[in-house]
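Structure first, then comments.
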């Protein structure tokens, strides 16, 4: 069973774990002018998301004592997961494509209305937000490659930072994960799905390291960038209702309470 059929099977299986009382329509609340408050809240949530700061922290750790180069050399010599540099290179593309396919499958499965016109319009709006998010990640990644001009581990060129494969997989993983909130499935099924979705993105990133195309910090930075921009676009232009960022005032001080749903 190829990757796409596997994704269809898994998502269709999970869609059978339906729960009652879910009436949110994907794409219905999409807006090109969400307002400055919404944009600001979306920025804060995206910055404070573990999917943004954990990879950045990891990338910084790899700068200690030349760990970046050492792990890259070890991974490309041993290829413990994919068996060879060539296979790792091929699988990195396959896995990134699978992440993209899963995003489109979640976009298809989420409820967007019963009337054909309502359904198609909501799908179009939701997909437009996803397209804008993915394009912003792609353009930013290309800009960073040109500006940093970091040599790849295999010295093929100077476009190592950041990883396009890792950022692409993380983009669609973030968007697909966000779409799960619109699916009428149980909490355990959602958690399992998110684990698998982000697992694919992580596997894509590691494959690029084994393929000797990127250092660990390259893929971690790419994942952080993609998660930040994708989550920002989703929350700012597609998500409905208040974001999980609230400022509460007490008599003595103001404090920020943040939770991370994705």
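In the numbering used here, the protein residues as written are 188 to 449. Beta carbons: idealized from backbone N, C-alpha and C, even for Gly.
Cα-Cα, which of 301, 323, 248 and 277 is closest to residue 359? Answer by Cα proximity: 323.
Spatial neighbours of residue 430 within its chain, please: C-beta separation below 7 Å, excluding the five flanking residues on both sides. 228, 229, 232 and 422, listed in sequence order.
Below 8 Å, how does it come out for the stretch 257-268 and the stretch 397-405: are there three or more Cβ pairs, yes or no? Contact holds between the stretch 257-268 and the stretch 397-405, because three or more Cβ pairs, one in each stretch, are under 8 Å apart.
Please list, in chain order, all residues of the same chain as residue 309 whose beta carbon is under 8 Å from its beta carbon, the five residues on each side excluded. Correct list, in chain order: 212, 213, 214, 215, 217, 299 and 300.
Kindly confirm or deny that the stretch 236-244 and the stretch 336-347 touch, where touching means at least three C-beta pairs closer than 8 Å. The stretch 236-244 is not in contact with the stretch 336-347.
At which residues does the alpha helix (DSSP H) containing residue 353 begin and terminate? Where residue 353 is concerned, the enclosing alpha helix (DSSP H) stretches over 351-366.
Is residue 208 helix, strand or coil by DSSP? Residue placement at residue 208 cannot be trusted, given a pLDDT of 45 that sits under 50; the coordinates are not used to answer.
Start-to-end residues for the alpha helix (DSSP H) that takes in residue 333: Residues 303-335.
Is residue 372 helix, strand or coil when you go by DSSP? Here residue 372 carries a strand assignment [DSSP, helix/strand/coil].
Using alpha carbons as the reference points, say which of 390, 409, 413 and 403 lies closest to residue 450. Residue 450 is absent from the model: the chain starts at 188 and stops at 449.
Taking three-plus beta-carbon pairs below 8 Å as touching, is the stretch 241-258 in contact with the stretch 363-371? With the rule of 3 Cβ pairs closer than 8 Å, the stretch 241-258 does not count as touching the stretch 363-371.
Since residue 394 and residue 318 should fall inside the 8 Å C-beta cutoff, what is the C-beta to C-beta distance between them, to a whole number of angstroms? The Cβ separation is near 25 Å, so there is no contact.
Look at the alpha carbon of residue 288 and the alpha carbon of residue 274, and state the distance between them as a whole number of angstroms. Taking the straight line from one Cα to the other gives about 21 Å.
Out of 333, 302 and 363, state which residue places its alpha-carbon closest to the alpha-carbon of residue 350. Nearest of 333, 302 and 363 to residue 350, Cα basis: 333.
If the criterion is Cβ atoms closer than 8 Å, does the pair residue 286 and residue 392 meet it? No. Outside cutoff.
Other residues of its chain near residue 348: CB distance less than 7 Å, five sequence neighbours each side excluded: So the qualifying residues of the chain are 331, 332, 335, 337, 405 and 408.
What is the C-beta distance between residue 425 and residue 313, in whole angstroms, given that I count them as a contact (C-beta under 8 Å)? Taking a contact as a CB-CB distance under 8 Å, the pair residue 425 and residue 313 counts as one, their CB atoms being some 6 Å apart.
Residue 379 - DSSP class collapsed to helix/strand/coil: Here residue 379 sits in helix by DSSP.
Nearest residue (CA-CA) to residue 388, options 414, 225 and 315: Ranking the options by Cα distance to residue 388, first place goes to 414.
Whose CA, out of 223, 384 and 320, lies closest to the CA of residue 416? For the options 223, 384 and 320, the alpha carbon positioned closest to that of residue 416 is the one of 320.
When you compare only the Cα positions, how much space is there between residue 264 and residue 386? Separation of residue 264 and residue 386 (C-alpha to C-alpha, rounded to the nearest whole angstrom) is 23 Å.
Straight-line CA distance for residue 267 to residue 326? Cα-Cα distance, rounded: 32 Å.
From residue 276 to residue 283, what does the alpha carbon distance come to, in whole angstroms? Using only the alpha carbons, I get a separation of about 11 Å.
Opening and closing residue of the alpha helix (DSSP H) in which residue 404 lies: Taken as a continuous stretch (DSSP letters only), the alpha helix (DSSP H) holding residue 404 covers 403-424.
For residue 268, report the span of its alpha helix (DSSP H) as first-last. First-last for residue 268: undefined, no H or E at that position.
Just to confirm, are residue 379 and residue 290 a CB contact at a threshold of 8 Å? Going by C-beta atoms, residue 379 is not nearer than 8 Å to residue 290.
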